[in-house]
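Encoded as structure tokens, the structure appears first; notes follow it.
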Amino acid sequence: MTEVGAETVDGDAVPVRQAAAGAESTRRLPLVRGFAVGPAQGTPKEEGKALRRSVPRSAHADLDLDGGRPDAVSAVEESSRGRIPGLTPIRVGRMAATPFAFLRGSAGLMAYDLARTPMTRIRAQICGDAHAANFGLYGDARGGLVIDLNDFDETVNGPWEWDLKRLAASLVLAAREAGADEDTCRKAAYDATGAYRRTMRLLAKLPVLDAWNAIADEELVSHTDAHDLLGTLERVSEKARANTSGRFAAKSTEPTEDGGRRFVDAPPVLRRVPDAEAAAVAVSLEEYLTSLSEDRLPLLARHAVHDVAFRVVGTGSVGTRSYVVLLLDHRGEPLVLQVKEARTSVLVPHLVSAGFEVPKAEHEGRRVVMGQKRMQVVSDILLGWTSVAGLPFQVRQFRNRKGSVDPAALAADQLDDYGRMTGALLARAHAHSADPRLIAGYCGKNEELDEAITAFAVAYADRTEADHAQLVAAVRSGRIAAEVGV
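According to the working numbering, the stretch in the sequence shown is residues 30 to 515, in order.
In structure tokens:
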């Protein structure tokens with residue numbers, strides 16, 4: 030077959046091929062929007078390689094902190110705006126615990142810094158908070174366990190490098206907290222970056238469907254040579270299988286006189302709410318149903334809403350509004366939903382300052398849910414969104430057989446395994462929205478990117494330790510209130 034020209038269909042040029050003598054000509058079909066057009070002059074891999082000229086891979090080692098950077102305490106205070114005032118001391122107390130905990134709660138401050146680093150401008154759906162503790166196990170619809178990213182409050186379309194640099198820096202901090210020597214800390218970041226690069230190259234070579242569904246189950250351990258993690262993952266899996274709505278309800282609810290159940294106060298983490306507040310959350314579930322696929326509706330229709338309580342959530346989200354809703358089926362078996370406030374991603378202003386166009390989200394809960402679905406191989410079948418008192422919320426199953434590895438508690442010989450596993454998962458997640466051939470073309474075969482990201486990670490870990498020290502000093506001096514141990 031030889032290309033001899035092009036014809037125009039609705040204003041678009043479509044290649045026309047002419048058959049060789051004796052062969053049947055290719056059928057001429059109109060351009061279908063949303064699909065690939067066909068062979069192009071260049072390839073994504075070549076485009077990625079060309080980017081190395083303008084953004085050398087070695088440039089990713091750079092960390093230039095400008096004079097306008099907010100100090101750590103000011104950044105924490107700014108990120109507390111709009112949160113429930115009575116809960117912000119809990120957030121500060123959690124962030125003050127360790128430098129790794131500080132990093133977990135300071136995605137906005139790191140985004141400020143990342144906006145001033147070299148970028149390829151290749152965009153993907155990014156987690157926005159891809160630190161080492163944001164990976165874990167959760168249940169799929171058939172009762173199996175999947176390993177993947179599992180927190181998407183900050184997800185947005187942005188530079189893939191930001192996720193990778195945050196992951197690498199967090200691994201250095203987690204390894205330091207675990208008591209590892211500096212070579213081990215560096216190796217965890219180095220291996221994570223190398224696994225990201227190699228996985229992206231693998232995905233670029235696979236058929237698209239195979240790449241789309243790749244590495245999110247137990248085979249990931251073999252793919253990333255993370256065999257030293259097997260024992261830890263097996264223990265986490267056992268706990269995850271027992272981490273269900275039923276177990277949570279058994280511990281957190283009590284029977285009522287009418288045969289139902291209700292939540293029991295366990296302040297400050299879990300508390301009952303006034304009737305009007307509970308009613309507003311319950312009514313919001315009607316809007317939530319409209320965000321679900323219709324085939325999910327009969328499942329929820331067989332459950333009745335019994336109670337609503339307020340529950341404090343993880344480090345970065347403490348102070349936002351978050352509820353648990355108790356549903357019971359005809360046998361009294363519980364299903365617990367989490368209705369969690371969805372604020373604007375803290376990355377947005379920093380993306381804008383870096384020159385990226387960021388369309389305003391039509392609903393922040395929808396942004397979180399759709400971002401999660403774009404990045405995960407398998408997502409919670411009950412993911413949706415709603416509004417409560419005019420504020421956007423995401424909705425998901427609570428305690429859906431979730432389990433996580435605490436990277437700061439890993440042994441030294443497991444840290445590089447964990448780095449490789451999380452790096453591979455991050456590459457797969459980015460490859461859902463960015464062409465893996467483009468990123469793979471940029472990353473290349475050698476270790477130049479691995480070395481640069483590792484250098485950045487170590488430098489940023491040092492900076493985070495200094496930020497953490499500032500916060501601890503402010504807590505001790507009384508400048509900022511903190512409640513520890515919650």
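Each residue gets a CB set at the ideal place from its N, CA and C atoms; glycine is no exception.
Beta-ladder partner(s) of residue i, from DSSP
i: A333; result: L357
i: S351; result: K369
i: F164; result: L178
i: L420; result: V417
i: R205; result: Answer by DSSP bridge pairing: none, since R205 is not bridged.
i: V185; result: I155
i: R301; result: A338
i: L364; result: L356
i: G432; result: L166
i: A295; result: L299
i: R425; result: Q367
i: R290; result: P284
Rounded straight-line distance, which links the Cα of residue j to that of residue i
i: T146; j: V84; result: 11 angstroms
i: A440; j: V61; result: 53 angstroms
i: S322; j: Q154; result: 22 angstroms
i: L444; j: S433; result: 14 angstroms
i: A49; j: R81; result: For A49, the predicted model reports a pLDDT of 47, less than 50, meaning its position is unreliable; a value from the coordinates is still stated below. Taking the straight line joining both Cα atoms gives about 40 angstroms.
i: L174; j: R270; result: 8 angstroms
i: A495; j: Y489; result: 10 angstroms
i: D294; j: A338; result: 8 angstroms
i: M450; j: T253; result: 6 angstroms
i: P465; j: A162; result: 25 angstroms
i: G96; j: A510; result: 27 angstroms
i: L166; j: E283; result: 29 angstroms
i: P114; j: Y317; result: 27 angstroms
i: G448; j: L116; result: 33 angstroms
i: A305; j: H335; result: 14 angstroms
i: V398; j: L94; result: 33 angstroms
Member of the options whose CA lies at the smallest distance from the CA of residue i
i: S462; options: R171, D324, M404; result: M404
i: F422; options: A488, D435, A390; result: A390
i: A498; options: A126, L364, V387; result: A126
i: V377; options: L138, A88, D304, A90; result: L138
i: K216; options: A503, E476, S313, R425; result: E476
i: V406; options: L355, A460, N429, E393; result: A460
i: W414; options: D192, V312, P114, D287; result: V312
i: A481; options: P297, G348, L262, E190; result: E190
i: I176; options: L262, E75, P296, E393; result: L262
i: V513; options: P297, C156, S408; result: P297
i: L478; options: L58, G77, V375, A90; result: A90
Cβ-heavy atom distance, residue i to the ligand NAD, below 7 angstroms
i: A101; result: This structure lacks the ligand NAD, and indeed carries no ligand of any kind.
TODO: Please confirm if the region 221 to 235 is in contact with the region 451 to 462, defined as three or more CB-CB distances below 8 angstroms between the two stretches.
DONE: yes
Task: Cβ pair count under 8 angstroms reaching 3, the region 182 to 198 against the region 116 to 129 - done: no
Open item on the list: Which runs of the alpha helix (DSSP H) at least 4 residues long sit entirely within the region 465 to 495? Give them in chain order.
Closed with: 465 to 472
Open item on the list: Three Cβ pairs or more, each shorter than 8 angstroms: is that satisfied between the region 368 to 380 and the region 325 to 336?
Closed with: no
Task: alpha helix (DSSP H) runs contained entirely in the region 247 to 287, provided each spans 4 or more residues - done: 248 to 252, 259 to 271, 274 to 281
Task: At least 3 beta-carbon pairs within less than 8 angstroms: the region 231 to 242 vs the region 458 to 478 - done: yes
Open item on the list: With a threshold of 8 angstroms, are at least 3 pairs of Cβ atoms found where one atom belongs to the region 383 to 399 and the other to the region 357 to 365?
Closed with: no
Open item on the list: Under 8 angstroms: do the region 191 to 201 and the region 405 to 424 share three or more Cβ pairs, one atom per stretch?
Closed with: no
Open item on the list: Does the region 257 to 272 come into contact with the region 311 to 322, if we say contact requires no fewer than three beta-carbon pairs (one atom in each stretch) closer than 8 angstroms?
Closed with: no
Task: Unbroken stretches of the alpha helix (DSSP H), 4 residues or longer, contained in the region 62 to 129 - done: 73 to 83, 101 to 108, 117 to 124
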